[in-house]
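Right, one structure below, let's go through it.
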Amino acid sequence: MNKVTENLRKTAAKLLQDQEVKMVIGYGAGSEAVRTQPLFITSPEDAEKMVWNPFCANGLTKYLSDLKGFDGKIAVVVKGCDSRSIYRLTQDNIIPRDKVVVLGVPCAGQMSYQKLAAKMDVTGQLTDVEEKGDNLEIKTSKGNFTVKKSDVLLDKCLTCENHNPVVADQLLGDEINIAPKPDDYDEVKNFEAKSADEKAKFWLSHFERCIRCYACRNTCPGCTCRECVFDDIKPNWVGKEINVSENELFHLTRAMHLAGRCVDCGECDRVCPMDIPIRLLNKKLLKDCKELFEMATPGSSEEGGSILGQYRQEDPEEFM
Numbered sequence: 301m302n303k304v305t306e307n308l309r310k311t312a313a314k315l316l317q318d319q320e321v322k323m324v325i326g327y328g329a330g331s332e333a334v335r336t337q338p339l340f341i342t343s344p345e346d347a348e349k350m351v352w353n354p355f356c357a358n359g360l361t362k363y364l365s366d367l368k369g370f371d372g373k374i375a376v377v378v379k380g381c382d383s384r385s386i387y388r389l390t391q392d393n394i395i396p397r398d399k400v401v402v403l404g405v406p407c408a409g410q411m412s413y414q415k416l417a418a419k420m421d422v423t424g425q426l427t428d429v430e431e432k433g434d435n436l437e438i439k440t441s442k443g444n445f446t447v448k449k450s451d452v453l454l455d456k457c458l459t460c461e462n463h464n465p466v467v468a469d470q471l472l473g474d475e476i477n478i479a480p481k482p483d484d485y486d487e488v489k490n491f492e493a494k495s496a497d498e499k500a501k502f503w504l505s506h507f508e509r510c511i512r513c514y515a516c517r518n519t520c521p522g523c524t525c526r527e528c529v530f531d532d533i534k535p536n537w538v539g540k541e542i543n544v545s546e547n548e549l550f551h552l553t554r555a556m557h558l559a560g561r562c563v564d565c566g567e568c569d570r571v572c573p574m575d576i577p578i579r580l581l582n583k584k585l586l587k588d589c590k591e592l593f594e595m596a597t598p599g600s601s602e603e604g605g606s607i608l609g610q611y612r613q614e615d616p617e618e619f620m
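Residues in the sequence shown are numbered from 301 upward in steps of one, following the numbering used here.
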């Protein structure tokens, strides 16, 4: 058992036993060796089910929005990227900060299920995993596998901005002294260099594959409207048909809703079953907001709010 898992189980059990919280949201073993799944525990005895390993890719903070009516405090496990969502939710007045106990875990990067599945048999059960330099030694019921960590990292982890949580009531591991890699937005800049026709062809080719499952919306900590325009029937603002036109309207509307609010957690990309590069659209708007308003990544600090919901004298007004 690694140190973080041990600390996590002890901390969760104590919080529940002392009745400081009524629920802890963390990670449990998944259905396959390199998967974990969200775990919700309400008794100290269940703390033994909690795990921490390089496969804890899921963001858990959106559940705070779903549980905002829960009677009692909730503890939630967060990584650096997830932790920005805490401030996003409190700035949007979705859940009071004093109702959440943040269990922070320093994270050197999470592994991509798809990349791992291409290199090993993932169908077994995990028995042990050990990081040795840039290698992962993964022991499963199907055999032992060694993979190069940098080859199987989630794409978002390649330019991680916060290896350590920006907010944590309790830190469950040693801080990671890895200098964050500055995001130079190369992918966005390459896209910006395309012609208007090339951009339209690119996005329409992706939007036509969208099945409107709303996984991106449902996992996003910035999508917290009490009533979503895409669910409304009266008035019927957006059609429910699955076609390129309606799909385009869905994605562009959601992107503008998140402009200046997206914490760049990458969950939209991770959960999309059709591999639509949703994060690229959000990162384009994030880049624009940073350049126009000198805005830090949303959720990086307790202060802040929506750029499009604020007014400052020094704001650029070229459009007026």
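Note that beta-carbon positions come from the ideal geometry of N, C-alpha and C, so glycine has one too.
On a predicted model such as this, the values are computed, not experimentally measured, just so you know.
Query raised in the report: Leaving out the 5 sequence neighbours to the left and right, which residues in its chain are closer than 8 Å to VAL538 when beta-carbon positions are compared?
Result: The beta carbon of VAL538 sits closer than 8 Å to the beta carbons of VAL529, PHE530, ASP532, GLU546, LEU549, PHE550 and THR553 from its chain, once the five residues preceding and following it are set aside; these are given in chain order.
Residues of its chain near ALA357, where Cβ-Cβ distance is below 8 Å and the 5 sequence neighbours each way are ignored:
If we look at ALA357 and ignore the five residues flanking it on each side, its Cβ neighbours are THR336, GLN410, MET411, SER412, TYR413, LEU454 and ARG570.
Q) Among LEU360, MET556, GLY380 and ILE395, which one has its Cα closest to the Cα of LYS373? A) Minimum Cα distance to LYS373 is reached at ILE395.
Tell me which residue opens and which closes the alpha helix (DSSP H) that GLU567 is part of.
Segment 567 to 571, the alpha helix (DSSP H) holding GLU567.
Q) Which ranges does the alpha helix (DSSP H) cover as unbroken runs of at least 4 residues, wholly within the stretch 527 to 585, from first to last along the chain? A) Counting only runs of 4 or more residues that sit fully inside the stretch 527 to 585, the alpha helix (DSSP H) segments are 544 to 557 and 567 to 571, in chain order.
Secondary structure, alpha helix (DSSP H): runs of 4+ residues fully inside the stretch 418 to 442 | No alpha helix (DSSP H) of 4 residues or more sits fully in the stretch 418 to 442.
Worksheet item: DSSP state of TYR363, grouped into three classes?
Response: DSSP places TYR363 in the helix class (H, G or I) of the three-state scheme.
Excluding the five sequence neighbours on either side, which residues of its own chain have a C-beta within less than 6 Å of the C-beta of LEU436, listed in chain order?
The answer, listed in chain order, is VAL447 and LYS449.
*asked:* Taking DSSP's pairing of strands, which residues face LEU403 in a bridge?
replied: According to DSSP, LEU403 bridges with VAL377 and GLN470.
For ASP486 and ALA493, what's the separation of their Cα atoms in angstroms? Rounded to the nearest angstrom, the two C-alpha atoms are 11 Å apart.
Coil, strand or helix - GLY409 by DSSP
Coil, per DSSP.
- Query: With C-beta atoms as the reference, is VAL377 less than 8 Å away from LEU308?
  - Reply: Yes. Within cutoff.
Nearest candidate by alpha-carbon position, reference ASP451, set GLY443, CYS460 and LEU416: Nearest of GLY443, CYS460 and LEU416 to ASP451, Cα basis: LEU416.
#### Entry: Per-residue DSSP class, three states only, for LYS501
In this structure, LYS501 counts as helix in the three-state DSSP scheme.
query = Is it buried or exposed for ARG612, if we count other Cβ within 10 angstroms and need 16 for buried?
reply = Exposed, because fewer than 16 other Cβ atoms sit within 10 Å of the Cβ of ARG612.
**Report entry** Per-residue burial, SER385 [other beta carbons within 10 Å of its own, 16 or more giving buried]
**Finding:** With 16 or more other Cβ atoms within 10 Å, it is buried.
* Asked: Are the beta-carbon atoms of ARG388 and PRO521 separated by less than 8 Å?
  -> When the beta-carbon positions are compared, ARG388 and PRO521 come within less than 8 Å of each other.
- [ ] Could you round the C-beta distance between LEU403 and GLN470 to whole angstroms and report it? I think they count as a contact, below 8 Å.
- [x] Confirmed, about 6 Å.
Collapsed DSSP secondary structure at VAL321 in the structure displayed: Judged by DSSP in its simplified three-state form, VAL321 adopts coil rather than helix or strand.
Taking Cβ positions, are GLU461 and VAL401 nearer each other than 8 Å? No, the pair does not count as a contact, with Cβ atoms beyond the cut-off.
Taking the C-alpha atoms as reference points, what is the distance between GLU527 and LEU339? Using only the alpha carbons, I get a separation of about 27 Å.
- Message: Please report the straight-line C-alpha distance between LEU472 and ALA375, rounded to a whole angstrom.
- Response: Each residue's CA atom was taken as its position, placing LEU472 and ALA375 some 13 Å apart.
Under three-state DSSP, which class holds TYR387? In the structure shown, TYR387 adopts helical secondary structure according to DSSP, grouped into three states.
(Q) Buried or exposed for ARG509, going by 16 or more other Cβ atoms inside 10 Å? (A) Result: exposed.
Restricting to Cα atoms, I'd like to know which of ALA312, PRO406 and PRO344 is closest to ASP382. Closest option to ASP382, judged by alpha-carbon separation, among ALA312, PRO406 and PRO344: PRO406.
What is the DSSP secondary structure of GLN337, counted as helix, strand or coil? Of the three classes helix, strand and coil, the one that applies to GLN337 here is strand, per DSSP.
Apart from the five residues just before and just after VAL467, which ones in its own chain have a Cβ nearer than 6 Å to its Cβ? Around VAL467: SER383, ILE386 and VAL402.
>> Could you tell me the alpha carbon to alpha carbon distance between LEU581 and MET420, rounded to whole angstroms?
In response: Between LEU581 and MET420, the alpha-carbon positions lie close to 32 Å from each other.
Fill in: One or two residues paired with TYR327 in a DSSP bridge
Residue pairing by DSSP puts TYR327 in a beta bridge opposite PRO338.
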